[in-house]
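Student: Have a look at this one.
There are 4 protein chains.
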Amino acid sequence: MLVFAQFGAGRIGAIHAANLAAGGAARLAHVVDVDAAAAAALAARHGAKVSDAATALADPAVGAVIIASSTDTHAALVIAAARAGKAIFCEKPIDLSLARVDEALAAVRTAGVPMLVGFNRRFDPSFAELHRRIQAGAIGAVEQVVITSRDPAPPPLGYVKVSGGLFRDMTIHDFDMARWLLGEEPVQVFAQGAALVDPAIAAAGDIDSAMVLLRTASGRMAHINNSRRAAYGYDQRVEVHGSLGRLIAGNRVATTVEQADAQAVSAEKPLHFFLERYAEAYRIELAAFIAAVTAGTPMPVGAEDGRQALVLADAALRSLSEGRPVAVSDCA
Amino acid sequence: MLVFAQFGAGRIGAIHAANLAAGGAARLAHVVDVDAAAAAALAARHGAKVSDAATALADPAVGAVIIASSTDTHAALVIAAARAGKAIFCEKPIDLSLARVDEALAAVRTAGVPMLVGFNRRFDPSFAELHRRIQAGAIGAVEQVVITSRDPAPPPLGYVKVSGGLFRDMTIHDFDMARWLLGEEPVQVFAQGAALVDPAIAAAGDIDSAMVLLRTASGRMAHINNSRRAAYGYDQRVEVHGSLGRLIAGNRVATTVEQADAQAVSAEKPLHFFLERYAEAYRIELAAFIAAVTAGTPMPVGAEDGRQALVLADAALRSLSEGRPVAVSDCA
Amino acid sequence: MLVFAQFGAGRIGAIHAANLAAGGAARLAHVVDVDAAAAAALAARHGAKVSDAATALADPAVGAVIIASSTDTHAALVIAAARAGKAIFCEKPIDLSLARVDEALAAVRTAGVPMLVGFNRRFDPSFAELHRRIQAGAIGAVEQVVITSRDPAPPPLGYVKVSGGLFRDMTIHDFDMARWLLGEEPVQVFAQGAALVDPAIAAAGDIDSAMVLLRTASGRMAHINNSRRAAYGYDQRVEVHGSLGRLIAGNRVATTVEQADAQAVSAEKPLHFFLERYAEAYRIELAAFIAAVTAGTPMPVGAEDGRQALVLADAALRSLSEGRPVAVSDCA
Amino acid sequence: MLVFAQFGAGRIGAIHAANLAAGGAARLAHVVDVDAAAAAALAARHGAKVSDAATALADPAVGAVIIASSTDTHAALVIAAARAGKAIFCEKPIDLSLARVDEALAAVRTAGVPMLVGFNRRFDPSFAELHRRIQAGAIGAVEQVVITSRDPAPPPLGYVKVSGGLFRDMTIHDFDMARWLLGEEPVQVFAQGAALVDPAIAAAGDIDSAMVLLRTASGRMAHINNSRRAAYGYDQRVEVHGSLGRLIAGNRVATTVEQADAQAVSAEKPLHFFLERYAEAYRIELAAFIAAVTAGTPMPVGAEDGRQALVLADAALRSLSEGRPVAVSDCA
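Residue numbers (our numbering), protein chains in the order written: chain E, 5 to 336; chain R, 5 to 336; chain B, 5 to 336; chain S, 5 to 336.
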């Protein structure tokens with residue numbers, strides 16, 4: 005049974021801890037958080053101890069860590085965990101600075117520890133099945149990918165300011181999805197964006213609406229559209245066109261109820277929030293990490309994937325600010 | 005924390021025990037099963053003891069029982085649990101004989117213990133939402149109900165022979181659903197049936213395909229169609245027509261993937277088996293039982309509901325054998 | 005070019021005349037109607053003459069008649085047209101009295117003229133495709149048929165009183181559909197009904213809501229549900245279950261627009277009225293008649309089909325009044 | 005009754021002539037085509053004369069012309085028709101050269117004749133309903149538009165060579181759709197493209213797959229994805245995101261039949277070809293032209309719309325060749 009130390013007892017941390025408890029194949033031993041009350045509550049719920057980082061990493065029983073603390077702590081924790089020889093499950097992004105990411109990845113490589121970066125959407129059953137069918141040849145050679153990714157409502161302005169911007173905070177998931185579905189690395193990024201939802205976001209130097217185009221060396225293309233606000237809920241769809249057909253993975257709903265009345269025929273809105281929409285994805289993701297650590301098999305989403313998505317986000321940001329397509333190699 | 009003894013360590017028993025463990029509001033103390041190995045395995049998985057029935061019921065710490073053993077043991081266990089003062093969660097049917105059901109219910113009434121009969125479908129999120137909307141007046145006065153309930157494949161012939169027949173074994177869920185959705189008791193049943201799937205089922209004295217009509221005193225109507233086989237999976241749908249509109253609750257699917265190719269535009273088949281389709285329903289059902297016992301509030305599906313569905317099944321059986329509509333009051 | 009005389013210049017007559025004009029393979033020569041103004045308007049629109057019945061039928065250029073006048077005139081016109089040697093396209097029902105239908109059919113047989121009875125729904129592209137797939141074996145042997153047939157709103161009470169009742173006026177289409185899809189004649193009918201929509205319909209001796217079960221000799225079954233009112237429009241669906249799968253033909257909509265907003269995800273309501281829903285069916289039906297007359301091939305829906313649907317309606321009426329299932333042979 | 009002369013008796017010409025005949029509000033008097041046999045056949049079908057252009061335009065009875073001949077003849081015919089004072093219905097594009105388009109539009113302006121450019125998709129009932137809802141405020145302020153436009157199969161290579169390229173031939177419809185739905189003129193175009201379907205198309209100097217981004221002055225954005233091949237048929241969808249919600253208009257199907265079997269639950273593929281998909285749109289478009297000419301009201305799609313879509317196509321082409329976003333004003 006794999007023993008875990010977990011950094012971060014917030015919203016995402018609580019999910020990982022609960023999944024860890026329910027899974028049966030692992031045990032949570034240490035919870036570390038600057039918020040002592042949150043750490044105590046989470047530790048109590050799962051029979052773990054509240055520890056500081058050094059103590060948790062020094063525990064020889066601990067085989068793996070979950071890093072679900074604030075983004076600015078990720079890289080240091082990755083490095084410390086790597087040096088302590090622990091397997092690493094790190095929430096995205098590893099860091100907002102590519103240089104810092106590279107430091108962390110170097111430590112991981114040196115230590116030879118396995119590391120998974122939390123691109124949870126790859127584990128969503130619908131997206132995973134869509135990817136499986138691409139791999140199985142159901143639509144032939146992939147030619148174009150269209151990703152729709154729209155949040156129900158903007159995050160608090162305080163978060164926006166430290167988020168690294170829309171591309172590094174939100175689109176980064178879509179960049180990972182695009183890479184995964186294209187089956188080939190993008191070589192060029194063109195991005196356009198605006199603050200159409202809230203002028204305060206513009207005032208904070210960020211955008212809330214974006215459209216991006218990616219291109220690979222062989223001419224495959226991807227489009228991403230983003231908004232920080234969707235009146236009808238969380239809109240997360242993927243569409244892939246290949247030489248033999250098309251695959252679509254749509255939104256998920258709480259119930260299949262359809263109502264027909266004098267006004268319309270109406271169905272449920274999409275699940276409203278990422279915690280509901282990706283509840284299964286989080287569970288499967290952690291189980292996949294535990295399985296890979298236990299069996300010594302490769303990570304389904306590696307540290308390098310975390311880096312590459314950030315490179316694309318950086319390229320998008322540069323494209324937006326310079327008003328031109330940017331070669332990915334210029335940002336790597 | 006409510007402490008449970010559970011009778012039955014088979015397929016359904018394993019589900020209830022797992023839901024109980026994951027729920028956090030209750031604890032499994034005793035597992036009772038004639039199959040000692042199954043009991044031991046389940047008990048071990050959840051930190052419970054293997055006990056015999058008498059020991060389990062004599063334990064004063066035990067506040068509630070789950071009866072998920074074979075149907076022929078239900079009534080005796082209900083009576084014993086009632087006498088021991090335990091809250092009762094009993095899988096449907098209470099018994100195949102109405103007389104025996106009445107004995108059990110008398111014991112429950114005498115003891116004054118709460119009892120839930122396992123009509124799990126009422127807790128399916130889609131059916132529950134549909135029912136909630138009826139109650140909220142979304143479609144006005146209910147007029148007609150159409151229930152589609154088709155299994156993926158017939159059960160083993162050995163099971164068919166002891167099942168009490170299609171109406172008592174399978175349609176009983178639909179009779180409960182019809183009562184619940186009609187909002188008024190059926191007063192007449194007309195049933196027709198045949199063995200269209202497998203002649204061995206006819207040879208065993210049963211049918212595998214049926215269509216039923218129900219009528220209430222005010223003229224509301226319900227239709228049920230059943231088959232023991234659906235090539236595309238488990239088909240569980242409900243449709244309610246009212247004065248202001250229509251509600252439909254459809255099948256559930258594992259993923260939202262849609263594939264368009266030279267042949268067709270195709271979606272996933274319905275979840276194939278009742279354990280998958282009703283996984284959430286089982287979880288919510290047990291939580292509702294625990295909540296009602298703990299709070300002392302009425303059971304969402306009472307013992308009387310178990311009896312009434314059996315009365316309708318008996319009426320359907322008589323209708324089939326006599327080739328005429330049967331008054332429900334003649335079978336009560 | 006086939007030359008037509010048409011009896012009836014009302015709503016349905018106007019449709020047939022327009023389809024005849026647009027089709028290009030036939031020409032309307034005579035319009036006959038007791039309403040002289042309606043006859044004159046329709047004749048003018050299509051370059052035809054207003055005639056009386058005798059004149060129209062005496063015209064040797066006329067090869068075929070369309071009978072779209074009021075129901076009580078159908079049988080006499082069929083007999084007269086048959087004696088005049090004209091091919092006959094007759095709206096359903098041929099008559100409300102089976103004895104009168106038999107007189108008319110005898111005249112048709114004696115004259116040896118081709119006759120189509122206007123069960124337009126068989127020509128609806130969706131129902132026709134569903135039937136074609138059954139014939140092609142897509143779902144194996146047919147086992148159960150479910151027909152949903154609900155009008156948007158009740159007809160005027162004056163019409164209800166002369167309509168022959170719900171079963172002969174409305175359900176008759178569904179009886180024909182059931183026969184066609186079952187691929188085997190029903191041998192038993194059980195019907196229940198009530199006036200749930202409008203008590204005035206009950207006062208007029210009719211019902212507005214019904215559920216029917218049919219059974220064939222080999223055990224195939226069909227269910228029909230009817231209402232004279234559907235708040236969301238015209239609800240016309242068919243579902244067929246076979247040994248290898250299921251076919252559904254659903255409602256048609258004016259547009260594919262889907263709106264997602266803070267309330268719901270909503271689609272268009274079904275096309276509201278039979279004239280819109282079955283516009284294509286009427287067109288294809290008349291073209292099929294013309295093609296069959298011209299080529300001398302069998303009618304796609306024969307006179308005998310008109311008779312059989314009426315027999316089922318009569319059986320349903322008797323079932324309703326006697327409260328028991330009725331053998332179809334008792335009403336034939 | 006408006007009298008027409010029609011230039012072009014090919015595939016599209018035949019559709020317009022048939023719609024004109026069926027509409028009842030206009031009459032075709034002259035058919036002009038270099039293919040004398042095609043002209044004769046079409047003229048005969050609709051009771052028109054075969055004429056040369058000069059004769060047709062000199063006929064004072066002629067009030068309007070349909071220009072459905074090959075693209076290279078459009079501009080000259082527009083000019084001649086304008087000088088003859090005829091109302092003009094011209095298939096898109098007016099010309100592949102903007103200079104030539106401007107000559108034609110100048111002639112139209114000078115003559116003061118009404119002119120409609122054949123962006124038939126605006127008249128598709130689903131796209132028109134979607135647009136109507138935007139205008140009615142159903143989704144608030146428009147923010148992003150996503151247009152999917154994919155042909156079933158590439159045209160013959162001979163056609164590709166004279167087509168003006170993908171952007172001017174195919175995407176031009178989508179540029180018009182984007183302008184119409186954005187409700188604001190695009191000011192910048194970025195395009196990427198490749199020949200992923202057929203290398204012969206690359207050899208001919210064209211592309212068969214493209215992704216485009218448009219931006220307006222206020223920051224609204226549109227994405228277009230194109231392919232010359234879709235294994236499942238003609239894929240024509242539009243999606244508009246606004247401050248209050250989302251509108252989608254999807255593909256159309258021939259029937260509503262859904263088949264569930266051991267493989268999948270499958271629906272019909274989209275209507276395969278533009279002539280089927282846009283049959284209604286062509287009919288409504290011509291009726292709208294006739295109505296506007298007759299009533300003297302503004303054209304629903306004017307000559308300037310034809311020009312603007314071509315400007316966007318030119319900008320896309322320059323963007324593709326120069327690998328950078330292009331200001332629309334540089335191509336106007």
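Note that CB positions come from ideal geometry on N, CA and C, so glycine has one too.
1. Measure from the C-beta of residue 148 (chain R) to each C-beta in chain B and report whether the shortest distance is under 7 Å.
2. Tell me the rounded alpha-carbon separation between residue 111 (chain E) and residue 322 (chain E).
3. With 16 other CB atoms within 10 Å as the buried threshold, where does residue 165 (chain B) fall?
4. State yes or no: is the C-beta of residue 46 (chain B) within less than 7 Å of the C-beta of residue 8 (chain B)?
5. Would you be able to state if there are at least three C-beta pairs under 8 Å between the stretch 119-130 of chain S and the stretch 285-305 of chain S?
6. Kindly indicate the opening and closing residues of the beta strand (DSSP E) around residue 230 (chain E).
7. When you compare the CB of residue 120 (chain B) with every CB in chain S, is at least one pair closer than 7 Å?
8. So, residue 207 (chain B) versus residue 324 (chain B), is the Cβ gap smaller than 7 Å?
9. By DSSP, does residue 15 (chain R) sit in helix, in strand, or in coil?
10. What residue range does the beta strand (DSSP E) around residue 33 (chain S) cover?
11. For the stretch 178-202 of chain R, list every residue whose C-beta sits within 7 Å of some C-beta in chain B, in sequence order.
12. At a CB-CB cut-off below 9 Å, which residues of chain S make contact with residue 238 (chain R)?
13. Under 7 Å between C-beta atoms, does residue 265 (chain R) make it to chain S?
14. Over what stretch of residues does the alpha helix (DSSP H) that includes residue 267 (chain E) continue unbroken?
15. Does the beta carbon of residue 213 (chain B) sit closer than 7 Å to a beta carbon anywhere in chain R?
16. Using beta-carbon positions only, say whether residue 93 (chain E) and residue 134 (chain E) come within less than 7 Å of one another.
17. For the stretch 239-252 of chain B, which residues have a CB atom closer than 9 Å to at least one CB atom of chain R, in sequence order?
18. Consider the Cβ of residue 235 (chain S): report whether some Cβ of chain E lies at a distance smaller than 7 Å.
19. Quick one: is residue 301 (chain R) buried, meaning 16 or more other Cβ sit within 10 Å of its Cβ, or exposed?
20. Starting from the N-terminal side, write out each stretch of the beta strand (DSSP E) that is 3 residues or longer and does not extend beyond the stretch 86-159 of chain E.
21. Could you tell me whether the Cβ atoms of residue 252 (chain R) and residue 262 (chain E) are closer together than 7 Å?
22. For residue 245 (chain S), which of helix, strand or coil comes out of DSSP?
23. Kindly indicate which three-state DSSP category residue 172 (chain S) falls into: helix, strand or coil?
24. Could you tell me the alpha carbon to alpha carbon distance between residue 62 (chain R) and residue 290 (chain E), rounded to whole angstroms?
25. To the nearest angstrom, report how far apart residue 257 (chain E) and residue 256 (chain R) are at their CA atoms.
26. Can you tell me which of the three DSSP states residue 202 (chain E) falls into?
27. In angstroms with no decimal places, state the Cα-to-Cα distance between residue 332 (chain B) and residue 265 (chain E).
28. Check each residue of the stretch 281-312 of chain E: if its Cβ is closer than 9 Å to any Cβ of chain S, include it; give the result in chain order.
29. Cutting at 7 Å between CB atoms, please list the residues of its own chain near residue 84 (chain R), excluding the five before and the five after it.
30. Any beta carbon of chain R sitting closer than 7 Å to that of residue 273 (chain S)?
31. Identify whether residue 59 (chain R) lies in helix, strand or coil by the three-state DSSP scheme.
32. Using a 10 Å radius around the Cβ and a threshold of 16 neighbouring Cβ atoms, would you call residue 198 (chain B) buried or exposed?
33. For residue 271 (chain E), I'd like the list of residues in its chain whose CB is within less than 6 Å of its CB, leaving aside the five on either flank, ordered along the chain.
34. Quick one, which residues of the stretch 121-135 of chain R are near chain E if we go by CB-CB under 9 Å, in chain order?
35. For the 8 Å Cβ check, are there 3 or more pairs between the stretch 90-110 of chain R and the stretch 34-52 of chain R?
36. If we cut at 7 Å on Cβ distances, does residue 107 (chain B) have a partner in chain S?
Tutor: The answer reads as follows:
1. Position 144 of the second sequence, counted from the first residue, corresponds to residue 148 (chain R). Yes, residue 148 (chain R) counts as interfacial toward chain B.
2. One-based indexing of the first sequence puts residue 111 (chain E) at position 107. One-based indexing of the first sequence puts residue 322 (chain E) at position 318. The straight-line gap separating the alpha-carbon atoms of residue 111 (chain E) and residue 322 (chain E) is approximately 28 Å.
3. For the purposes of this step, residue 165 (chain B) is identified with residue 161 of the third sequence, where counting begins at 1. Using a 10 angstroms sphere on the CB of residue 165 (chain B), the tally of other CB atoms stays under 16, which defines it as exposed.
4. Along the third sequence, one-based indexing puts residue 46 (chain B) at 42. Along the third sequence, one-based indexing puts residue 8 (chain B) at 4. The answer is no: Cβ separation not under 7 Å.
5. Yes, they touch.
6. Here residue 230 (chain E) is taken as the residue at index 226 of the first sequence, counted from 1. Unbroken beta strand (DSSP E) run through residue 230 (chain E): 225-231.
7. For the purposes of this step, residue 120 (chain B) is taken as residue 116 along the third sequence, with counting starting at 1. So no, residue 120 (chain B) is outside the interface.
8. Counting from one through the third sequence, the residue named residue 207 (chain B) turns up at place 203. Counting from one through the third sequence, the residue named residue 324 (chain B) turns up at place 320. Pairing residue 207 (chain B) with residue 324 (chain B) gives a Cβ-Cβ distance that is not under 7 Å.
9. Along the second sequence, one-based indexing puts residue 15 (chain R) at 11. Helix.
10. Start at 1 with the first residue of the fourth sequence, and residue 33 (chain S) comes out as number 29. Bounds of the beta strand (DSSP E) holding residue 33 (chain S) are 30-36.
11. Within the stretch 178-202 of chain R, the qualifying residues are 194, 196, 198 and 200.
12. In the second sequence, the residue the question calls residue 238 (chain R) occupies position 234. Listed along chain S is no residue with a C-beta nearer than 9 Å to that of residue 238 (chain R); the closest approach is about 11 Å.
13. Within the second sequence, residue 265 (chain R) is the residue found at index 261, counting from 1. Interface residue, yes.
14. The residue given as residue 267 (chain E) occupies position 263 in the first sequence. From DSSP, residue 267 (chain E) is part of no alpha helix (DSSP H); its letter is neither H nor E.
15. The residue given as residue 213 (chain B) occupies position 209 in the third sequence. So yes, residue 213 (chain B) belongs to the interface.
16. The residue you call residue 93 (chain E) lines up with position 89 of the first sequence. The residue you call residue 134 (chain E) lines up with position 130 of the first sequence. Taking a C-beta distance under 7 Å as the contact criterion, residue 93 (chain E) and residue 134 (chain E) do not qualify as a contact pair.
17. Contact residues of the stretch 239-252 of chain B toward chain R are 239, 243, 245, 246, 247, 248, 249 and 250 (C-beta to C-beta distance below 9 Å).
18. For the purposes of this step, residue 235 (chain S) is taken as the residue at position 231 of the fourth sequence. Closer than 7 Å: yes.
19. Locating residue 301 (chain R) in the second sequence gives position 297, where the first residue counts as 1. It counts as exposed.
20. 91-95, 119-122 and 146-154, all fully within the stretch 86-159 of chain E.
21. On the second sequence, residue 252 (chain R) is found 248 positions in, with the first residue counted as 1. On the first sequence, residue 262 (chain E) is found 258 positions in, with the first residue counted as 1. A contact, by the Cβ cut-off of 7 Å.
22. Indexing the fourth sequence from 1 puts residue 245 (chain S) at position 241. Correct three-state label for residue 245 (chain S): strand.
23. Taking the fourth sequence and counting its residues from 1, the one referred to as residue 172 (chain S) is at position 168. Helix.
24. For this step, residue 62 (chain R) is matched to residue 58 along the second sequence. For this step, residue 290 (chain E) is matched to residue 286 along the first sequence. Computed Cα separation, rounded: 42 Å.
25. As a working mapping, residue 257 (chain E) is identified with position 253 in the first sequence. As a working mapping, residue 256 (chain R) is identified with position 252 in the second sequence. One alpha carbon belongs to residue 257 (chain E), the other to residue 256 (chain R), and they sit about 10 Å apart.
26. For the purposes of this step, residue 202 (chain E) is taken as the residue at position 198 of the first sequence. DSSP, reduced to helix, strand and coil, places residue 202 (chain E) outside both helices and strands of the structure shown, so it counts as coil.
27. Taking the first residue of the third sequence as 1, we reach residue 332 (chain B) at position 328. Taking the first residue of the first sequence as 1, we reach residue 265 (chain E) at position 261. Those two C-alpha atoms are separated by around 37 Å.
28. If the cut-off is 9 Å between Cβ atoms, the stretch 281-312 of chain E has nothing near chain S.
29. Taking the first residue of the second sequence as position 1, residue 84 (chain R) is located at position 80. Excluding sequence neighbours, residue 84 (chain R) sits near 57 and 61.
30. Here residue 273 (chain S) corresponds to residue number 269 of the fourth sequence, with the count starting at 1. Closer than 7 Å: yes.
31. The residue labelled residue 59 (chain R) in the question sits at position 55 within the second sequence. Taken through DSSP and simplified to helix, strand or coil, residue 59 (chain R) comes out as helix.
32. Reading the third sequence from its first residue, position 194 is the one you call residue 198 (chain B). Buried.
33. Mapped onto the first sequence, residue 271 (chain E) falls at position 267. 262.
34. From the stretch 121-135 of chain R, only 128, 129, 130, 131, 132, 133 and 134 have a Cβ closer than 9 Å to chain E.
35. Three or more beta-carbon pairs separated by less than 8 Å are not found between the stretch 90-110 of chain R and the stretch 34-52 of chain R, which leaves the two stretches without contact.
36. Working through the third sequence from its first residue, we reach residue 107 (chain B) at position 103. No, residue 107 (chain B) lies away from the interface with chain S (no Cβ there is under 7 Å from its Cβ).
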